[in-house]
Amino acid sequence: MKELRTQVAIVGAGPAGLLLGHMLHLQGIESVILEHRSREYVEKRVRAGVIEFGIANLLEEVGAGERLRREGLVHRGIELRYDHSAHRIPLSELADGKIYTVYGQQEVVKDLIALRVAQGAPLHFDTEVTAIEDVNTTAPYIDARCGDEDLRVHADFVAGCDGSFGASHRAIPSDVFRRYERVYPFSWLGILAEAPPATEELIYGRHENGFVLYSMRSPTISRLYLGVRPDETLDQWSDEQIWDELAERLSTDERPEVNRGPILERGITAMRSVVIEPMRYGRLFLAGDAAHIVPPTGAKGMNLALGDVRVLAEALDTYYVKNDEALLDAYSATCLERVWRAEEFSNYMTQMLHPNYEDEFENGVQRARLRQATQSREAATVLSRNYVDLNTM
Ligand code: FAD
Ligand code: DHB
Numbered sequence: 000m001k002e003l004r005t006q007v008a009i010v011g012a013g014p015a016g017l018l019l020g021h022m023l024h025l026q027g028i029e030s031v032i033l034e035h036r037s038r039e040y041v042e043k044r045v046r047a048g049v050i051e052f053g054i055a056n057l058l059e060e061v062g063a064g065e066r067l068r069r070e071g072l073v074h075r076g077i078e079l080r081y082d083h084s085a086h087r088i089p090l091s092e093l094a095d096g097k098i099y100t101v102y103g104q105q106e107v108v109k110d111l112i113a114l115r116v117a118q119g120a121p122l123h124f125d126t127e128v129t130a131i132e133d134v135n136t137t138a139p140y141i142d143a144r145c146g147d148e149d150l151r152v153h154a155d156f157v158a159g160c161d162g163s164f165g166a167s168h169r170a171i172p173s174d175v176f177r178r179y180e181r182v183y184p185f186s187w188l189g190i191l192a193e194a195p196p197a198t199e200e201l202i203y204g205r206h207e208n209g210f211v212l213y214s215m216r217s218p219t220i221s222r223l224y225l226g227v228r229p230d231e232t233l234d235q236w237s238d239e240q241i242w243d244e245l246a247e248r249l250s251t252d253e254r255p256e257v258n259r260g261p262i263l264e265r266g267i268t269a270m271r272s273v274v275i276e277p278m279r280y281g282r283l284f285l286a287g288d289a290a291h292i293v294p295p296t297g298a299k300g301m302n303l304a305l306g307d308v309r310v311l312a313e314a315l316d317t318y319y320v321k322n323d324e325a326l327l328d329a330y331s332a333t334c335l336e337r338v339w340r341a342e343e344f345s346n347y348m349t350q351m352l353h354p355n356y357e358d359e360f361e362n363g364v365q366r367a368r369l370r371q372a373t374q375s376r377e378a379a380t381v382l383s384r385n386y387v388d389l390n391t392m
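Under numbering that gives the first Met the number 0, the sequence shown is numbered contiguously, ending at residue 392.
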């Protein structure tokens, strides 16, 4: 067995693990990142696309925002569509001039991997963490497997950044943590298409047939989502059916519908809300999807993950520089306050925009919420602030 020693062992090279490794490097703290998948796989994994104001600033401050500023699309509003009419929410006007940026998650991941590789800092792909041990002592260690080789990493701390299907939360005994969960009765069918977006701003729509979202990645690439029933599979949808359904759900009397083009990627994602409390057990700290999941309707998942890392990197810095554990002790409570705000916002957006196929009372409430969000300046202001900058407010 190969053995390594580091200060912080990081499980997972998603946005959370990679940003943590990078921030620790800037602070002169050594880390080893272990990632189950290949570099190619994580760089191609298409997921989120909306970066909050403060999170984009954070990436820039740590030297990971150069391409984001150059290639990211600056947005100042969103459109809400319901009852076949369009309503713009002027997010920036209502949120102190703040903007948000549309930039794919896998581009953030590529940028962070490039920095890590350029620094020559340890990042092991194709390496699955199988156990995290002794987290209740000052000498925890991780066991991992890379091909035929076993690896053990000894560390002062372990950061569980291994996402919603990860293993790190299993190192916490079930009687010390609580798991809160809500499963929604729908999924999202998402496509990436080679087609110029027919809209300048993101459109979130509630149609009788279901939810719809029009987003983009560049002036030539569109990203669109349809709310579907949880038991639907990709083979039930031909390209033409997907485009027809998108066009129908996005249609209004005066607006363009969609620009069609070859579909480059497609996937179905189930929708859940999960919170694990506490986010720390001994010397194991959970960050990102490993600790909480939001339904994607508020575009909060990646932002929330990077928000956790900001808190954890500072807490570890304070520990190593001043031998002061106060911020580490406060980590879970500090994060959970923000996590529950993001859960509330994601739940609000989800419940407002996904029609309920069975419950007409619920549908009446949803329409009232949409009218309030688009007609009341106070309600639109709350939505705008949460959308544009929830994680660093
Ligand atoms: P992840 O990005 O999941 O990274 C965790 C990493 O850990 C992965 O690379 C994984 O391979 C690795 N790992 C797991 N187990 C192990 C192990 N045992 N050993 C080593 N490595 C391990 N959010 C939005 O806002 N909008 C969206 O449209 C959207 N779409 C999504 C679609 C899908 C299919 C999923 C799963 C999530 C989506 N999200 C979306 C959420 C957003 O992408 C996540 O919140 C974000 O990826 C969280 O980052 P993370 O670093 O915490 O976790
Ligand atoms: C995108 C994803 C989201 O979940 C969202 O709310 C807005 C945009 C996107 O992938 O572009």
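Note that CB positions come from ideal geometry on N, CA and C, so glycine has one too. Keep in mind it's a predicted model, so treat the numbers as computed, not measured.
(request) Please report how far the alpha carbon of GLY103 lies from the alpha carbon of ARG36, in whole angstroms. (result) Looking at the two C-alpha atoms, the distance is approximately 19 angstroms.
(request) Please classify GLN365: is it buried, with 16 or more other beta-carbons within 10 angstroms of its beta-carbon, or exposed? (result) Answer is buried; the Cβ neighbour count reaches 16.
(request) Give me the Cα-Cα distance between VAL152 and HIS353, rounded to the nearest whole angstrom. (result) Each residue's alpha carbon lies about 45 angstroms from the other.
(message) Looking at ligand 2, does it come within less than 6 angstroms of PRO196, judged from the CB to the closest heavy atom?
(response) No.
(message) The beta strand (DSSP E) that contains ALA269, what's its start and end?
(response) In the DSSP assignment, ALA269 falls within the unbroken beta strand (DSSP E) covering 262–276.
(request) Measure the alpha-carbon distance for TYR386 versus ASN346 and round it to whole angstroms. (result) Computed Cα separation, rounded: 13 angstroms.
(request) Using alpha carbons as the reference points, say which of ALA12, GLU39, GLU29, TYR356 lies closest to GLU207. (result) Of the residues ALA12, GLU39, GLU29, TYR356, the one whose Cα lies closest to the Cα of GLU207 is TYR356.
(message) Just checking GLY173 against ligand 2 - is the residue's beta carbon closer than 6 angstroms to any of the ligand's heavy atoms?
(response) As written in the sequence, residue 173 is Ser, which differs from the Gly given in the question. No, ligand 2 has no heavy atom inside 6 angstroms of this Cβ.
(request) On the DSSP bridge assignment, give the partners of LYS1 in chain order. (result) LYS1 has LEU150 as its beta-bridge partners, per DSSP.
(request) Under 6 angstroms Cβ to Cβ from VAL308, same chain only, skipping five residues before and after it: list those, please. (result) The residues are ALA15, LEU18, LEU19, ALA286.
(request) Buried or exposed for HIS397, please, with buried defined as at least 16 other CB atoms from any protein chain shown within 10 angstroms of its CB. (result) Missing from the structure shown is residue 397; the chain here goes from 0 to 392 and no further.
(request) Go to LEU225, then tell me how far its beta strand (DSSP E) extends in each direction, as first and last residue. (result) Counting along the chain, LEU225 sits inside the beta strand (DSSP E) bounded by residues 220–227.
(message) Check whether the stretch 251–270 and the stretch 178–192 touch, using three or more Cβ-Cβ pairs below 8 angstroms as the test.
(response) Output reads yes: the stretch 178–192 touches the stretch 251–270.
(request) For the beta strand (DSSP E) containing ILE88, list its first residue and its last residue. (result) Element bounds for ILE88: 84–88.
(message) Which same chain residues end up closer than 7 angstroms to ILE275 when comparing Cβ atoms and leaving out the 5 residues on each side of it in sequence?
(response) Beyond the five residues adjoining it in sequence on each side, ILE275 comes within less than 7 angstroms, by CB distance, of HIS168, PHE176, ARG178, LEU285, ALA290, HIS291 in the same chain, given in chain order.
(message) Quick check: the Cα distance between ARG259 and GLY71, rounded to an integer number of angstroms?
(response) Spanning the two alpha carbons is a distance of roughly 22 angstroms.
(message) Please state whether the Cβ-Cβ distance between GLY209 and GLY226 is less than 7 angstroms.
(response) Yes, these two residues count as a Cβ contact at 7 angstroms.
(request) Kindly indicate which three-state DSSP category ARG75 falls into: helix, strand or coil? (result) Of the three classes helix, strand and coil, the one that applies to ARG75 here is coil, per DSSP.
(request) Return yes when the Cβ of ILE54 is within less than 7 angstroms of the Cβ of LEU305, no when it is not. (result) A contact, by the Cβ cut-off of 7 angstroms.
(request) Let me know the secondary structure DSSP gives VAL387 once reduced to three states. (result) The answer is helix: DSSP assigns VAL387 an H, G or I state.
(message) Report the CB separation of SER272 from GLU199 in whole angstroms; it is logged as a contact under 8 angstroms.
(response) At roughly 31 angstroms, the Cβ-Cβ gap does not stay under 8 angstroms, so SER272 and GLU199 are not in contact.
(message) Would the stretch 154–162 count as touching the stretch 226–235 if we require 3 or more Cβ pairs under 8 angstroms?
(response) Taking a cut-off of 8 angstroms on C-beta distances, the stretch 154–162 does not touch the stretch 226–235, as fewer than three cross pairs fall below it.
(request) Would you please state the rounded distance, in angstroms, between the beta carbons of SER383 and LEU93? I believe it to be under 8 angstroms. (result) Contact holds; Cβ gap of about 4 angstroms.
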